[in-house]
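Numbering (the numbering used here), first residue to last: 5 to 309.
Note that beta-carbon positions come from the ideal geometry of N, C-alpha and C, so glycine has one too.
What you are looking at is a predicted structure, and each value in this text was computed from that prediction instead of being measured.
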DNA sequence: TTCAATGTTTAGAC
DNA sequence: GGTCTAAACATTGA
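Structure follows, in structure tokens:
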């Protein structure tokens, strides 16, 4: 479930922890999640143990210089002209533990039901050990996530980075630009428009539902039927909902936790996502849920038109 | 036993 | 090219 606010939380919390750390060792337990080079498919499963060996070899002894986000992709910058791209997909986690915390028990996967565990667990696929004894664990229950090592000079060739739409929280993502991209997709259902990473980066199922509630627009509405004021409300809702979610460190739904193992606090503020059958927090009507091209969307049939 | 679940890509249809 | 649908990836729990 990591979407923009969750990934932003991971990145901003990892940045000070990882900056200037020197990698002593990389242990790859699941080679199929590792790729080396810009042109490897995002479906990294086609890569092999040769890539995994290369990945660990190149990174050994290298220093981390920074951590950034583009859409839902985490970029770990490495001195010596490399970057590690990390995608968490649905159930990925990056957990950082100081040396003295390594035997600490934390609640991680399926956080509603699981008992606290120590890392590594059966879902730990990659372990970075730093020279000060601290560790970074990449866990992923469903194994859709991946880590891809690229040279700085190759980063322009990384397909999945180039094809993302604009960052919705950037200042230069303004109302005029938004209306322009709306006009290019007149026939799409507005929920699917919001969720398409090539149109706008970083919005998934949770936040498209929440954004549409705040904009008072039903998820199945067709883009070209939106009125001027609906377009403006939608634009405002994108900015406000995402900013508020970042402020609350994202939503811990399913498996998302912060690098410390702490939860995001936005989930309790959800108005519609995951609330089908419950009462609308605004008007008391029952929240409905429907499929929109295979994705479940929840909405209030009274508040949203 | 069947179904659905946070993301993304790809193929096929119209 | 736009748009929709289904399938694929792997796992779990309802």
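The Cβ-Cβ distance between residue 246 and residue 92 does not fall below 8 Å. Bounds of the beta strand (DSSP E) holding residue 100 are 96-101. The three-state reading of DSSP puts residue 85 in coil, since its state is none of H, G, I, E or B. Residue 139 is classed as buried because its beta carbon has at least 16 other beta carbons within 10 Å across all chains shown. Beyond the five residues adjoining it in sequence on each side, residue 203 comes within less than 8 Å, by CB distance, of 169, 185, 189, 197 in the same chain, given in chain order. Beyond the five residues adjoining it in sequence on each side, residue 280 comes within less than 6 Å, by CB distance, of 291, 293, 302 in the same chain, given in chain order. Counting the other Cβ atoms within 10 Å of the Cβ of residue 172 gives 16 or more, which makes it buried. Between the alpha carbons of residue 12 and residue 250 lies a distance of about 7 Å.
With a threshold of 16 other beta carbon atoms within 10 Å, residue 286 falls short and is exposed.
In the displayed model, residue 294 falls within a strand according to three-state DSSP. In this structure, residue 10 lies near residue 255, with their beta-carbon atoms less than 8 Å apart. For residue 141 and residue 61, the gap between their C-alpha atoms comes out near 18 Å. Here residue 80 carries a strand assignment [DSSP, helix/strand/coil]. Between residue 194 and residue 225 a beta carbon distance of about 5 Å is seen, short of the 8 Å cut, so the two are scored as contacting. The shortest C-alpha to C-alpha distance from residue 223 to any of 36, 295, 183, 24 is the one to 295. Sequence-distant Cβ neighbours of residue 70 in its own chain, meaning closer than 7 Å and more than five residues away, are 19, 23, 81.
By the Cβ neighbour-count rule, residue 214 is buried, with 16 or more other Cβ atoms within 10 Å of its own.
By the CB criterion at 8 Å, residue 192 and residue 212 fall outside the cutoff. For the 8 Å CB-CB criterion, residue 112 and residue 143 form a contact. Taking all protein chains shown into account, residue 288 has fewer than 16 neighbouring C-beta atoms within 10 Å of its C-beta and is therefore exposed. Between the alpha carbons of residue 26 and residue 156 lies a gap of roughly 18 Å.
Residue range 150-155 is occupied by the beta strand (DSSP E) that includes residue 153, with no alpha helix (DSSP H) assigned at that position.
Cβ atoms of residue 165 and residue 77 come within 8 Å of each other, at about 7 Å.
Of the candidates 108, 58, 158, 179, the residue whose Cα lies closest to the Cα of residue 232 is 179. As summarised for the segment 12-71, the continuous beta strand (DSSP E) elements at least 3 residues long and confined to that stretch are 27-32, 38-40, given in chain order. The C-beta distance from residue 218 to residue 244 rounds to 6 Å, short enough to meet the 8 Å contact threshold. Residue 52 and residue 220 have their C-alpha atoms spaced approximately 48 Å apart. Within the DSSP bridge table, the entry for residue 130 names 32, 142 as partners. For the pair residue 35 and residue 55, the Cα-to-Cα distance works out to about 8 Å. Distance check between residue 175 and each of 239, 162, 235 places 239 closest, using alpha-carbon atoms only. Sixteen is the threshold: since fewer than 16 other Cβ atoms of the shown chains lie within 10 Å of the Cβ of residue 119, the residue is exposed.
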